[in-house]
Every structure is written in C-alpha cells, then in structure tokens.
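A.B. asks:
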Amino acid sequence: MDVLVVGSGGREDALVQKLAESDKVETIHALPGNDGMAGQAHLIEGNAEDVEAVARAAREADIDLAVIGPEKPLALGVVDALQEVGVAAFGPSREAARIESSKVFAKQLMEKYDIPTADFRVFSSHSEAVAHLNDRSFPAVIKADGLAAGKGVVVARDRAEGLRALTQIMVDRRFGDAGERVIIEDCLVGEELSVMAITDGETVVPLDAAQDHKAIYDGDRGPNTGGMGAFCPVQFYDEELAETVCRDILRPTVRAMAEEGVPFQGVLYAGLMVTEDGPEVLEFNCRFGDPEAQVVLPRLDSDLAPVLAAAAAADGSLASEAELVHWREQSAVCVVLASEGYPLDYEKGYSIEGLDEVAENVRLYHAGTVRTDAGWRTVGGRVLGVTGLGRDLEQARRRAYRQIESIRFSGMHYRTDIGR
Ligand SMILES: Nc1ncnc2c1ncn2[C@@H]1O[C@H](COP(=O)(O)OP(=O)(O)O)[C@@H](O)[C@H]1O
Ligand SMILES: [Mg+2]
Numbered sequence: 000m001d002v003l004v005v006g007s008g009g010r011e012d013a014l015v016q017k018l019a020e021s022d023k024v025e026t027i028h029a030l031p032g033n034d035g036m037a038g039q040a041h042l043i044e045g046n047a048e049d050v051e052a053v054a055r056a057a058r059e060a061d062i063d064l065a066v067i068g069p070e071k072p073l074a075l076g077v078v079d080a081l082q083e084v085g086v087a088a089f090g091p092s093r094e095a096a097r098i099e100s101s102k103v104f105a106k107q108l109m110e111k112y113d114i115p116t117a118d119f120r121v122f123s124s125h126s127e128a129v130a131h132l133n134d135r136s137f138p139a140v141i142k143a144d145g146l147a148a149g150k151g152v153v154v155a156r157d158r159a160e161g162l163r164a165l166t167q168i169m170v171d172r173r174f175g176d177a178g179e180r181v182i183i184e185d186c187l188v189g190e191e192l193s194v195m196a197i198t199d200g201e202t203v204v205p206l207d208a209a210q211d212h213k214a215i216y217d218g219d220r221g222p223n224t225g226g227m228g229a230f231c232p233v234q235f236y237d238e239e240l241a242e243t244v245c246r247d248i249l250r251p252t253v254r255a256m257a258e259e260g261v262p263f264q265g266v267l268y269a270g271l272m273v274t275e276d277g278p279e280v281l282e283f284n285c286r287f288g289d290p291e292a293q294v295v296l297p298r299l300d301s302d303l304a305p306v307l308a309a310a311a312a313a314d315g316s317l318a319s320e321a322e323l324v325h326w327r328e329q330s331a332v333c334v335v336l337a338s339e340g341y342p343l344d345y346e347k348g349y350s351i352e353g354l355d356e357v358a359e360n361v362r363l364y365h366a367g368t369v370r371t372d373a374g375w376r377t378v379g380g381r382v383l384g385v386t387g388l389g390r391d392l393e394q395a396r397r398r399a400y401r402q403i404e405s406i407r408f409s410g411m412h413y414r415t416d417i418g419r
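Per numbering that gives the first Met the number 0, the very first residue in the sequence shown carries number 0; after that it's consecutive.
#1: Would you give the residue range spanned by the alpha helix (DSSP H) that residue 307 belongs to?
#2: Can you tell me where the alpha helix (DSSP H) with residue 54 in it begins and where it stops?
#3: Sorted by chain position, which residues of the same chain lie with C-beta nearer than 6 Å to residue 206's C-beta, five sequence neighbours on each side aside?
#4: With a threshold of 6 Å on Cβ separation, who are the neighbours of residue 333 within its own chain once the five nearest residues in sequence on each side are excluded?
#5: Who sits around ligand 2, taking every residue whose Cβ is closer than 6 Å to one of its heavy atoms?
#6: Candidates 404, 342 and 233: which alpha carbon is nearest residue 330's?
#7: For residue 44, which residues of its own chain have a beta-carbon under 7 Å away from its beta-carbon, when the five flanking residues on both sides are left out?
#8: What does DSSP give as the partner residues of residue 210 in its beta bridges?
#9: Select from 142, 10 and 94 the residue whose C-alpha is nearest the C-alpha of residue 68.
#10: Express the C-alpha separation of residue 297 and residue 276 in angstroms, rounding to a whole number.
#11: May I ask which residues mark the beginning and end of the beta strand (DSSP E) holding residue 98?
#12: Within 8 Å, do at least three Cβ pairs link the stretch 331-351 to the stretch 401-411?
#13: Counting C-beta neighbours from all protein chains within 10 Å, is the total for residue 81 16 or more, i.e. buried, or is it exposed?
#14: DSSP three-state label for residue 81, please.
#15: Could you say which of 418, 419 and 382 lies nearest to residue 12 if we only look at CA atoms?
#16: Using CA coordinates, which residue listed in 98, 218 and 251 is at the minimum distance from residue 144?
#17: If you run the structure through DSSP and keep just helix, strand and coil, what is residue 163?
#18: In the structure shown, what three-state DSSP assignment does residue 393 receive?
#19: Which residue marks the beginning of the beta strand (DSSP E) containing residue 360, and which one marks its end?
#20: Is it buried or exposed for residue 25, if we count other Cβ within 10 angstroms and need 16 for buried?
#21: Report the CB separation of residue 342 from residue 288 in whole angstroms; it is logged as a contact under 8 Å.
#22: Taking just the CA atoms, how far does residue 22 sit from residue 100?
#23: I need the DSSP call for residue 115, collapsed to helix, strand or coil.
#24: If distances are taken between C-alpha atoms only, which option among 216, 42 and 402 comes closest to residue 416?
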C-alpha cells in the first residue's frame with residue numbers, strides 16, 4: 000500500500016521509520032514532513048492544517064492509507080475530508096477528536112459513563128467561576144476547555160493563583176476561544192502515566208505505557224514544553240495495572256464514544272494519574288504522543304501498517320490483527336535536543352554537526368531540521384529526538400546520551416535526567 004503521514008515532527012518521523020520496515024508498504028509520502036524523512040518518504044509540500052488541501056494531495060497521490068500525526072488537523076476534520084474523497088485515514092473524525100479538543104466534552108463523557116476522573120465543575124461565566132473559587136479547597140486545577148498547546152492547565156496552590164489563571168483564560172483570552180469555558184477540578188496525587196491504545200471503535204489494542212518529561216529543565220523544573228523526553232516501559236505498570244486501565248478506562252471510553260454516536264477510530268491516549276485508589280484520567284488525547292511515539296514505536300516487533308489499516312477500515316479486522324502485535328523485551332529512552340530559548344522565542348538556522356553516524360541501538364528522529372547545500376540546519380524548537388534502545392532503562396539511557404555526545408549545534412539544550 001501507499002501511505003501518507005501527515006505532520007512534520009519527531010512523532011511523524013517515528014511513524015515513517017516504523018512504516019518503512021513494512022513489507023506491505025510500497026511508498027511513503029509525508030505532508031509536509033521534514034528533510035530528515037526524505038530518505039524514506041516522498042515529501043509533499045503543503046500545510047497539514049489545510050484539511051481540504053491535504054485531502055486533494057492524498058487523492059492525487061493515490062494514497063491507500065493516511066496516518067495523521069498532530070491533533071490540530073484532526074480537530075479541523077482532516078479525516079472527514081480524506082474519507083470524503085475516498086482515502087482511508089487512521090485517526091478520529093472531527094466529532095470524535097473532541098475527546099481531546101474539548102476537555103469539557105471529555106469530562107462530561109467520563110461522568111456519564113462512570114470512567115474514573117477528578118470531580119469537576121464547568122463554568123462559562125467568569126464571575127461564577129470566581130465565586131466557586133471563594134468556597135472551595137486548594138490545590139485546585141483550572142483548565143481551559145479547548146486546545147492550548149499544553150499551556151491551558153494551571154495547578155493552583157491557593158485562591159490567588161486560581162484567580163490569576165481564571166483572568167488569563169477567561170478575561171484576557173490568552174488561548175482565544177479555547178477559554179470560553181473552564182473546568183475547575185480536584186487535584187489528584189500520584190504518579191503520572193501515558194497509555195496509548197489503537198482502536199477501530201470496538202477492539203482496543205493497548206500499547207505499552209510510557210512516561211514523558213514536560214518541563215524544560217532537569218528535575219522537572221521550569222516552564223512546560225511539548226515534551227523534552229520520554230521512556231518506556233514504566234516500572235510500576237505491571238500486568239494488574241494494565242488490566243485495570245484497559246477494563247476501567249480504555250474499553251469503557253471507546254464503548255461510550257460508540258454509544259454517543261461518535262465512534263472513535265485511531266489512537267486513544269489516556270493521560271493518567273495513578274492514585275492510591277487506582278488510575279484516574281487527567282485527559283484524553285486523540286493521537287500518538289510526541290515524544291511518546293518515539294519510545295513506543297521502535298519497540299514494536301510486528302508490522303504497524305496492517306494494524307493501522309485495520310483500525311482505519313473499522314471492519315472488525317483489527318481483532319485478528321491485534322493477535323499479531325508483539326513487543327520487543329527492550330527499554331527505550333528518548334531525549335529531545337532543543338533550541339536555546341525554547342519553549343519561548345529561539346533563533347533558527349544554526350548548523351548541526353554529527354548526524355551522519357548513528358549507533359546500532361539508537362534511532363535518530365528529525366523534528367526541527369532542514370537540509371541545505373551547506374548541511375543540516377535548525378529550524379524548530381524541538382530539533383531532534385534521540386532514542387536509545389537497550390535491555391533495561393539504564394542501558395537505553397546510556398546509548399541515547401552517548402549518541403548525543405557527537406551531535407552539536409549552537410545553543411543545543413537537553414535534559415540530562417530523562418528516564419532516571
Ligand atoms: N486533576 C489533576 N490533578 C493533578 N494534576 C493535574 C490534574 N489535571 C492536570 N494535572 C497536571 O497538569 C498537566 C496538564 O494537564 P492535562 O489535562 O494533561 O492538559 P494538557 O496536556 O492539555 O495541558 C498534567 O500532565 C498534570 O501534571
Ligand atoms: Mg497532558
């Protein structure tokens with residue numbers, strides 16, 4: 000089959016590299032992709048968020064399966080647009096993507112179907128939200144309803160901090176319409192964990208759990224980013240916890256979406272807090288995590304293409320494909336190399352050295368790179384992801400960091416404690 004990967008970051012490079020291993024995949028296209036993928040994928044120029052143009056390009060290239068990386072095109076209806084022109088697409092419809100693009104939708108779904116999550120209230124009036132803060136306990140968590148690039152959540156230690164968050168979200172509209180409504184919810188205590196599952200709307204194929212590091216500096220200090228690293232597997236995620244997550248969260252959520260008339264097909268990503276009372280949902284995402292994909296996909300021993308195709312077809316064939324899914328007994332640690340200044344403003348165009356030789360148990364994922372006549376240059380905040388694979392986390396870590404020693408660009412910043 001001919002496959003199109005939509006998106007341009009490290010997650011999409013991980014998808015391209017995994018799909019390139021498949022005997023069933025003839026050609027891979029990426030829109031817009033990045034130059035790091037060019038050895039394995041044919042790059043199609045364009046904007047992933049212009050969903051009609053993506054659909055036209057897929058039609059023209061006679062694509063058999065489109066795989067969507069980022070949440071934005073999904074929330075804008077890229078899967079609906081692709082299906083309209085007869086191209087099968089892996090990822091939820093615009094309506095189903097609301098499980099990520101509207102936190103209110105997700106919370107109300109969980110409430111209705113008894114899926115464990117923090118107690119919450121929804122407000123569309125600033126004054127009512129303020130009144131609620133006046134007679135509740137702290138810490139409390141304040142969340143903008145819509146997509147806010149990972150910046151719309153504040154864990155408020157006290158009333159003053161809560162009021163500030165409400166002003167920014169609801170009055171200043173820092174995140175635009177995403178702040179039309181807010182959720183105020185109880186603060187959960189425990190260990191965070193991400194579990195992704197591939198689903199056709201009925202069968203649920205859980206992937207191994209991962210943990211990511213959002214903060215820019217070591218020790219989880221500093222502002223949040225899109226993700227500075229991830230590792231997999233997670234020690235405390237044993238078989239019992241995996242079964243609980245599947246039974247109490249993943250399967251009921253997929254069933255709930257079907258019952259609501261918005262069947263969910265694609266990756267259901269559950270951001271969880273494992274509390275004393277068991278796992279509770281912090282949020283759902285509707286696609287692979289970035290950089291979680293960069294640690295989960297390289298450990299997949301089986302062919303990814305037929306699994307994604309079966310999920311996209313939603314014809315019941317995922318159930319038999321699921322039996323063929325196997326994982327390598329391996330650990331993976333991904334370290335993100337970022338531009339100086341990221342997640343705020345940063346300079347672009349620095350020359351990158353050391354990308355030619357990659358050790359056997361290392362995968363190099365391009366995110367913000369461009370190839371010029373004079374060599375590789377930086378062009379994004381997150382520039383590269385370096386994934387080390389090994390028999391345990393320690394070996395995987397060592398391999399990732401050893402590879403990084405040979406990579407250089409001006410202002411290169413990375414965390415030294417990923418997977419520790
Ligand atoms: N109810 C909660 N209790 C404690 N921490 C929370 C809660 N909800 C969110 N958080 C923290 O805030 C982070 C971001 O929240 P999340 O719901 O995942 O939104 P997003 O990823 O869209 O920013 C979480 O990873 C978690 O650390
Ligand atoms: Mg999150």
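The C-beta atom is built at its ideal place from N, Cα and C for all residues, glycine as well.
C.D. replies: Taking the coordinates as given:
#1: Looking up residue 307 in the sequence shown gives position 308. Element bounds for residue 307: 304-312.
#2: Position 55 of the sequence shown, counted from the start, is the residue given in the question as residue 54. Segment 50-59, the alpha helix (DSSP H) holding residue 54.
#3: Taking the first residue of the sequence shown as position 1, residue 206 is located at position 207. Closer than 6 Å at the Cβ level, and outside the excluded window around residue 206, lie 195 and 295.
#4: Within the sequence shown, the letter at position 334 stands for residue 333. Cβ neighbours of residue 333 beyond the five flanking positions: 228, 229, 290, 293, 294, 384 and 386.
#5: 270 and 282
#6: The residue you call residue 330 lines up with position 331 of the sequence shown. Cα-wise, what sits closest to residue 330 is 233.
#7: Your numbering for residue 44 matches position 45 in the sequence shown. Excluding residues within five positions, the ones whose Cβ falls inside 7 Å are 31.
#8: Locating residue 210 in the sequence shown gives position 211, counting from the first residue. DSSP lists 230 as partners of residue 210.
#9: Here the question's residue 68 lines up with position 69 in the sequence shown. Comparing Cα-Cα distances from residue 68 to each of 142, 10 and 94, the minimum goes to 10.
#10: The count along the sequence shown starts at 1 and reaches residue 276 at position 277. The count along the sequence shown starts at 1 and reaches residue 297 at position 298. Computed Cα separation, rounded: 33 Å.
#11: Start at 1 with the first residue of the sequence shown, and residue 98 comes out as number 99. Looking at the DSSP string, residue 98 is not in any beta strand (DSSP E); the run it does join, the alpha helix (DSSP H), is 97-100.
#12: yes
#13: Counted from its first residue, the sequence shown places residue 81 at position 82. So residue 81 counts as buried.
#14: Locating residue 81 in the sequence shown gives position 82, counting from the first residue. Helix.
#15: Here the question's residue 12 lines up with position 13 in the sequence shown. That would be 382, whose Cα lies nearest to the Cα of residue 12.
#16: Your numbering for residue 144 matches position 145 in the sequence shown. Looking at the Cα atoms, 98 is the closest of the given residues.
#17: Start at 1 with the first residue of the sequence shown, and residue 163 comes out as number 164. Note: residue 163 maps to helix in three-state DSSP.
#18: Residue 393 sits at position 394 when you count from the first residue of the sequence shown. Residue state, collapsed to three classes: helix.
#19: As a first step, residue 360 must be located in the sequence shown, where it is residue number 361. Careful: residue 360 lies outside any beta strand (DSSP E) and carries neither H nor E.
#20: Working through the sequence shown from its first residue, we reach residue 25 at position 26. So residue 25 ends up on the exposed side.
#21: Numbered from its first residue, the sequence shown carries residue 342 at position 343. Numbered from its first residue, the sequence shown carries residue 288 at position 289. 17 Å between Cβ atoms; not a contact.
#22: Within the sequence shown, the letter at position 101 stands for residue 100. Within the sequence shown, the letter at position 23 stands for residue 22. Distance between the alpha carbons of residue 100 and residue 22 is about 35 Å.
#23: Locating residue 115 in the sequence shown gives position 116, counting from the first residue. Three-state result, residue 115: coil.
#24: Residue mapping note: residue 416 aligns to position 417 of the sequence shown, counting from 1. Checking every option, the nearest Cα to that of residue 416 belongs to 216.
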